[in-house]
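Q: Before we start, here is the structure in question, set down as C-alpha cells.
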Amino acid sequence: MQGYCDEGHRVSGWSRMVHRFSVSSAMSQQSIPSRGMTVTFHGVRGSTPCHGHETHHYGGNTSCVSVRTANDVPIVFDLGTGVRYFGKQCNGTTPLRIVCLLTHLHYDHTLGLPFFEPLLRSETTLEIYAPKQPDGRTIRELFREKIKPPMFPVPLEQFAARIEFHEIGDDDFTIGNYSVRSRFVPHIGPTLGFRLGYDGASVTYLSDHQQPVGDTFSIGDGARELCEDVDLLIHDSQFTDEEFAMKQSWGHSTYAYARWVAETCRAKQLALFHHDPSRTDEMLTELTDQIACSTKVGVFAAREGQSVLVGA
C-alpha cells in the first residue's frame, strides 16, 4: 500500500518511523533487541472488532499494545480482542509475569481478557492497573460481574493464573525499570492515559481522548504531562472532522486533533490509533497520508503485527 503527498513524493509517515519490522506470533524474549522498548500493536480498532477484506491490512481487533524490553517484565496497554494474539507470543515462558495498564473498562478495551491464553496456566501472574471508580466498586468486582455465567461460561475465579488488581488515578510509580505516569483524561467514564519511560526513551498511550468541542483546540494539563517531548505518541484518531461534527460527545478525537497534540507537545512520532471500525484500509491510508504530509512529526497509522523500536 503506497501513499503520496501532493508533490508526488513518498509519504513521510512510512519512512520517519523510529524503526519498524514485522513480528511473528512466536516472538520470544530472545528476539527482543538488547536496548530500547519494542512496541507491538496487537489490536488497533475502537468500539468493536471488525473483519473483512477491506480491513485486512490494518487489522480489525480492538485495543491492545505491548511493550517489551530485553530484561524487564512485559507491559500491555489494554485488554481488547488483540490481547489474544499477544498471549500466543507468551507461550513457553514460565513463570510468566505480565503487567497491564488499563485505560478504562469499556468492552472494546476489556473483551479479550478471558481469551488471554496465559491465564490458563497457574505459573502466570497478571497485574492489572486500572482507574479508580467514583462509585467505590473495585476493579476486581467489576470484572467478576463481566466474566461469569451466563455472560461467560467460566467465572473469573476459576482461571488458573493469579490476577492482581491495582486501582490508580493521577499517579507516578515504577514497575521494574519502567517509570509509569498515569493521568485522568477526558472520555466517557473514568479513563486514564499512560506514559511509560525506560532507559531514557518514552511512549505515551492515549487510546481514548475526548477532543474539545468548538473551533479552538486545547489540551488538559494531565494529557499534556503525558505527551510533552515523548518519543512515540499513540493517540486516538477515530473520527474525521465531518464525523466529529455529528459525534462530538462520543469521547474521541479527530486526525487533525491528534496531529495538533503531537505538534503542540513536541512528540517525535505519532501513531494514529483506535481506528473507526467502518474505516477501510484505503480510507485509512488516504487519511494518514494527508496528516503525514501536513506536519513535520513522523506519522503512521498503527497496524496489527507492526512493531516499533523506541530508544535504541
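Under my numbering, the first residue of the sequence shown is numbered 13, with each subsequent residue one higher. We treat Cβ as the ideally placed atom computed from N, Cα and C, and that holds for glycine.
Going by alpha carbons, who is nearest to Glu60 out of Leu91, Phe185, Tyr119, Ile151?
A: Reading off the sequence, residue 60 comes out as Thr, not Glu. Closest option to Thr60, Cα to Cα, is Tyr119.
Q: Could you give the uninterrupted runs of the alpha helix (DSSP H) lying entirely in the stretch 94–123, keeping only those of 4 residues or more?
A: 95–101
Q: Can you tell me whether DSSP reads Ile200 as helix, strand or coil?
A: Residue state, collapsed to three classes: coil.
Q: Would you say Met163 lies against chain C (beta-carbon separation less than 9 Å)?
A: The structure shown contains no chain C; it holds only a single protein chain.
Q: In angstroms, rounded to a whole number, what distance separates the CA positions of Val309 and Leu168?
A: Roughly 43 Å between the two C-alpha positions.
Q: Taking the beta strand (DSSP E) that Met295 falls in, what are its first and last residues?
A: Careful: Met295 lies outside any beta strand (DSSP E), inside the alpha helix (DSSP H) at 293–304.
Q: With DSSP run on the structure shown, which of helix, strand or coil describes Gly310?
A: strand
Q: For the alpha helix (DSSP H) containing Thr276, list its first residue and its last residue.
A: 267–276
Q: Following the continuous alpha helix (DSSP H) through Glu255, name the residue where it begins and the one where it ends.
A: 253–258
Q: How would you write the range of the beta strand (DSSP E) that Arg236 sits in, first residue to last?
A: Careful: Arg236 lies outside any beta strand (DSSP E), inside the alpha helix (DSSP H) at 233–239.
Q: Would you mind reading off the limits of the beta strand (DSSP E) that contains Leu154?
A: Taken as a continuous stretch (DSSP letters only), Leu154 belongs to no beta strand (DSSP E), being part of the alpha helix (DSSP H) at 151–158.
Q: Can you tell which of Ile175, Ala235, Asn83 has its C-alpha closest to the C-alpha of Tyr190?
A: Residue Asn83 is the option with its Cα nearest to Tyr190.
Q: Figure out for me which residue from Val111, Ile200, His68 has the closest Cα to the Cα of Gln223.
A: Ile200
Q: Tell me the rounded alpha-carbon separation between Met295 and Val311.
A: 16 Å
Q: Classify Leu132 as buried or exposed, calling it buried when 16 or more other Cβ atoms lie within 10 Å of its own Cβ.
A: exposed
Q: Alpha carbon to alpha carbon, how far is Arg271 from Thr307? Give it in angstroms, no decimals.
A: 8 Å
Q: Is the beta carbon of Ala279 less than 9 Å from the beta carbon of Asp248?
A: no
Q: Do Thr50 and Arg80 have their beta-carbon atoms positioned less than 9 Å apart in this structure?
A: yes
Q: Does the separation of the CB atoms of His176 and Gln145 fall below 9 Å?
A: In the sequence on display, residue 176 carries Glu and not His. Not closer than 9 Å, so no.
Q: Out of Gln101, Gly232, Pro126, Phe155, point me to the one whose CA is closest to Thr93's CA.
A: Pro126
Q: Does the contact criterion of 3 or more C-beta pairs under 8 Å hold for the stretch 97–116 versus the stretch 135–153?
A: The stretch 97–116 and the stretch 135–153 touch, with no fewer than 3 CB-CB distances between them shorter than 8 Å.
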